[in-house]
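In full-length UniProt numbering, the protein residues as written are 39 to 540.
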Ligand code: ADP
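Laid out in structure tokens, this is it:
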């Protein structure tokens, strides 16, 4: 499969740059302003695609189209047929997985082995899961007293705005679209300006699957223009956002004006905790996967690695050795384990934090600089896997989300102090715990204030399992049955059964 993906990419290269329009009301259209922007391949700095740039006028059109669809044809589609459409979409994505994975890698820089074997299967799984969910959205009957009958119905919220980030472009689109559509909503999706390509390709498949016009509208553009216009739009009923905590706050403020319902999946600075009794090799694997997977551009990145001071030296020796063996390079090569950061801006941010870590007195164990790569890759936004030791939890490198391959290793002496420090962060998205002691594992799971706790594993997701943050990591739970709560509202209906006058 890997080889075919690479040849799919070679086919891509010959037709670059690609051109995309906006997808509004079932039509492919230019932006009202006629403006376009370029999406860059971060491995080479070359233009991958020229994309129509949505702004307020286009967002208005898309919201109108979504409203018409919501009140019109979509409202008449049965739950079963919504499920069938979602299932059809899953099949179409699966059939085009290699091509989509190659495009994802070209646009985002993530290694092809990840886009093909992690991202695409997760997208397909997500649409399949929510295809099955469409027919299982039910109300309740309430045991009210007297000769009254009270029941609830779960209705769609209406027109949903979705603003997504660039780290998992297609996966994030799936997390928003699948439950929203299963529940009978219509959607205006704004992909991230760094990675609009696969969401637009998904638009083609949505058309092919047979969704009515306007049920899904895809409007790439910049955050401060298109994104802000969508979040503050009085015509939307809900806004779902995944991205930084900083922007999440802006979204919540913009939505507050119209009391638009909001769900936010935001940043993290997750503790990945290694006890002295852990299987060290497994813990090292978990530490690597926690911070270097997807170039560290994961909201759940295990960026604060807490290690029992008794095993610090052993751990650091193994962690360093393995980090230095990570194959960094052309993300289209199926042997590559780490690609470039998504953009020049992100690369600068990573460099800034490396500089800061030095200034704050942390010790560089490995990395801390760009690798020397040849040819076109020399212009890519690559950064070596980086480990800092002697980090204190109070340092900014341990408190601020870097969103890059930079691990901060902090030692601890006892469990109580550890828990206190692990929780001392504005974030609460996830945590990892490595120990052979089952009692301690569950105790930690209880004490850590985070939406997800992984014990002797890390970064595991499933469409059926709820995901979301505590504290400033956001609110609302995506995936599983919980996602349906985000995309439905409850109506309570009372009927008098007595037939007597009041
Ligand atoms: P990152 O900092 O990782 O790029 P952001 O949180 O800035 O992540 O971006 C996530 C998404 O939010 C992107 O689609 C981006 O365009 C959008 N966005 C950024 N700023 C705003 C804003 N002020 N209003 C609405 N959306 C925004």
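Quick reminder that beta carbons are idealized off the backbone N, C-alpha and C, glycines included.
These numbers were taken from a predicted model, which means no experiment stands behind them.
For residue 199, the first and last residue of its enclosing beta strand (DSSP E): 197-201
Heavy atom of the ligand ADP within 7 Å of residue 203 beta-carbon: yes
Residue 216: CB within 7 Å of a non-hydrogen atom of the ligand GTP: With respect to the ligand GTP, the structure offers nothing, as its ligand set consists of the ligand ADP.
Reference residue 325; option with closest CA among 519, 135 and 424: 424
Heavy atom of the ligand ADP within 7 Å of residue 289 beta-carbon: Yes; taking the cut-off as 7 Å, the Cβ of residue 289 has a heavy atom of the ligand ADP nearer than that.
Bridge partner(s) assigned by DSSP for residue 193: 527
Cβ pair count under 8 Å reaching 3, the region 403-420 against the region 367-377: With the cut-off at 8 Å, the region 403-420 and the region 367-377 touch.
Through-space distance from residue 375 to residue 84, alpha-carbon basis: 21 Å
Nearest-angstrom Cβ-Cβ length linking residue 207 and residue 280, presumed shorter than 8 Å: So it is not a contact: roughly 11 Å between Cβ atoms.
Identity of the residues DSSP links to residue 77 by a beta bridge: 87
Where residue 307 falls: helix, strand or coil (DSSP): coil
Classification of residue 331 by the beta-carbon crowding that lies within 10 angstroms, buried from 16 upward: buried
Residue 511 vs residue 305 beta-carbon contact at 8 Å: yes
Run of the alpha helix (DSSP H) containing residue 390, from where it starts to where it stops: 382-397
Environment of residue 333 [buried if 16+ CB atoms lie within 10 Å]: buried
Cβ-heavy atom distance, residue 511 to the ligand ADP, below 7 Å: no
Residue 147: CB within 7 Å of a non-hydrogen atom of the ligand ADP: no
The region 375-393 in contact with the region 453-461 per 3-pair CB rule at 8 Å: With fewer than three CB-CB distances shorter than 8 Å, the region 375-393 does not count as touching the region 453-461.
Cβ-heavy atom distance, residue 228 to the ligand ADP, below 7 Å: yes
Nearest neighbour of residue 393, chosen from 435, 126 and 320 [CA to CA]: 435
Anticipated Cβ contact below 8 Å, residue 448 with residue 429, distance rounded: Taking a contact as a CB-CB distance under 8 Å, the pair residue 448 and residue 429 counts as one, their CB atoms being some 5 Å apart.
Residues bridged to residue 513 [DSSP beta-bridge criterion]: 302
Proximity test, residue 262 beta-carbon vs the ligand ADP heavy atom, cut-off 7 Å: yes
For residue 446: DSSP bridge partner residues: Answer is 342 and 426.
Close beta carbons around residue 311, own chain, < 6 Å, minus the five adjacent residues each side: 344 and 471
Spatial distance of residue 91 from residue 257 (CA atoms): 8 Å
Span of the beta strand (DSSP E), counted from its first residue to its last, around residue 255: 254-256
CB of residue 121 within 8 Å of CB of residue 220, strictly: yes
Residue 347 versus residue 426: straight-line alpha-carbon distance, rounded: 15 Å
Residue range of the unbroken alpha helix (DSSP H) whose run includes residue 213: 207-220
Residue 117 and residue 93 closer than 8 Å at C-beta: Residue 117 places its beta carbon 8 Å or farther from that of residue 93.
The ligand ADP heavy atom lying under 7 Å from the CB of residue 301: The nearest non-hydrogen atom of the ligand ADP is 7 Å or more from the C-beta of residue 301.
Per DSSP, the bridge partner or partners of residue 471: DSSP lists 311 and 493 as partners of residue 471.
C-beta contact flag for residue 226 and residue 197 at 8 Å: yes
C-beta atoms of residue 342 and residue 307 nearer than 8 Å: yes
Segment limits, beta strand (DSSP E) that includes residue 402: 401-404
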